[in-house]
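> Below: one structure in structure tokens.
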Amino acid sequence: MSGDLTDLDVRPLWEAVAARLARGDDAAAIRNVTAPLSRTGQAMVAGWLTRGRRPGSRPVALRATGNGCVVPVPKLLDSLGRTPDDLRALIEAAGVKIPDLAGQRRAADQMRADINDYAERALPDAPLLTARLRSYGISDETLEDRRRLIDSLSRLRDLLPLPRPVTLARLAHHCAGDPHYFDLNDTGHGDKVVLLARDLLQAPQPDTPAAERALLARLGVIADRLSQTVLVLNVAATGDGPTDRALNLARSDNRPVHVTLHDLTAHPPTLDSNRAWLVVENPSVVDEALMRGTDQPIVCTSGTLTAVDHTLLALAVDNGVPLEYSGDLDPSGHAIAAAVQARYQAAIRYMDEAARLAVDAGSRFGSVLPPGQKGTELEGDSPAKAPTEPTAGSQTHRVIFQEHSVILDLLLGPSTGDPLSVPRQRHSL
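Numbering (full-length UniProt numbering) for the sequence shown: 1 to 429.
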């Protein structure tokens, strides 16, 4: 019998019981376990269960499930002449170890308590930040990284507020040895620096990337403001500051200019509000405007709004500049349009059904979205609608990009020399 109990074919049974004991179940409370037994293992267990059966009683059959066979543990122990107190010995005799999961949980709980206490002591006046740190899981593999993060934030806390501005990259290098450690993106820990600033300044949650940078600047922390630019064409200014002069010089030279976040924050221009700005999604629209000789003020956000885009549009609103927005007629374009409309009261242009009809009437060219994606419509200046599900049986939905000739004509005015506006005969070079 002892050899049968340790047979490899019944080992899954003891492993299943061991798992129940490891998670803290009392041996006497285990009624059934499910084990992936082989045919031989099933026959062996069924044979044990029939021992001591009264003559004429039905043989015991194991109930099969998708995960294995259900074994009634009390009946099994009774058939073997064992008690629940013998379970641990049976398992160990089969060479199965019972992991100390309860001990592991206690160790993990202690590790979590220790690292949270460490953060509280290192950052005693940063409740929002320490609450965020507490929300993260911790393990042996992540403990060292968590200590490094806490130590780096503590070094930064000791420096704030700064007596004069310092770049976020330089602070990250000073505090963590890595200039990208506090980057304001998904791979950096800039969000923790923002929480630290909120704690120190008792400030509300910033609602745009530009607001995050403005919050950090109040403590002397200057996030990247040179690599982020916004492309503008024909934008006029009425002030005499460096950015005003740069805008007006570019306008007089009929050339586009990239305006940096530094230009807009260190030397904010006074903007001419006499003409509405056309805000577009794609730089190619600005290039086409140059080719057509358009004198309309145009601003290009290059897709999703960044800190520099938010800063420029906020300045425009503060200066009373009327804004018009037009983007691709796809889900992303409609989402950006809704954000610009809600935050900066921009009028939405050529993103409605009339624009689609104009495209259908003017050209056979178009693009499609894969099944399951569908854009929303913006009707004139009305608020953006929420995305809707595709209609039953629909396979594709047209996407209209700003590079479409019909859309460009609507935005910039028709171009008599546009070689793509009408069908042309092939000609030799």
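We put the beta carbon where it would ideally sit given N, CA and C, even for glycine.
Grouping DSSP H, G and I as helix and E and B as strand, with all else coil, what is Val-96?
coil
> Using alpha carbons as the reference points, say which of Thr-294, His-267, Ala-237 lies closest to Asn-254.
Thr-294
> Which one of Leu-90, Pro-84, Glu-15, Thr-34 has the shortest CA to CA distance from Asp-4?
Leu-90
> According to DSSP, simplified to helix, strand and coil, what is Leu-408?
helix
> My assumption, with CB atoms under 8 Å, is that Leu-168 sits in contact with Ile-150. Please give the rounded CB distance.
So it is not a contact: roughly 18 Å between Cβ atoms.
> When burial is assigned at 16 or more other CB atoms within 10 Å of the CB, is His-334 buried or exposed?
Note on His-334: 16 or more other CB atoms within 10 angstroms of its CB, so buried under the neighbour-count rule.
> Would you mind reading off the limits of the beta strand (DSSP E) that contains Leu-233?
229–233
> In whole angstroms, what separates the C-alpha of Ala-36 from that of Val-73?
It is Pro, not Ala, that sits at residue 36 in the sequence shown. Near 15 Å, if we compare the C-alpha coordinates of Val-73 and Pro-36.
> Do Ala-307 and Pro-209 come within 7 Å of each other at the CB atom, strictly closer than that value?
yes
> If we require 4 or more residues per run, which alpha helix (DSSP H) segments fall completely within the region 180–246?
190–201, 209–217
> Beta strand (DSSP E) containing Tyr-325: first to last residue?
Start and end: 323–326.
> Touch check for the region 397–413 and the region 350–362: three-plus C-beta pairs under 8 Å?
yes
> Thinking Arg-225 and Thr-260 are a contact (beta carbons under 8 Å), I'd like their distance in whole angstroms, please.
Between the beta-carbon of Arg-225 and that of Thr-260 there is about 6 Å, and that keeps the pair under the 8 Å contact cut.
> Which residues mark the beginning and the end of the alpha helix (DSSP H) in which Ile-115 is found?
101–122
> Among residues of its own chain, excluding the 5 on either side of Val-194, which ones have a beta-carbon nearer than 8 Å to its beta-carbon?
Leu-184, Pro-206, Glu-212, Leu-215, Leu-216
> If you draw a straight line from the alpha carbon of Leu-271 to that of Ala-354, how long is it in whole angstroms?
32 Å
> Name the one or two DSSP bridge partners that Asn-32 has.
Pro-72
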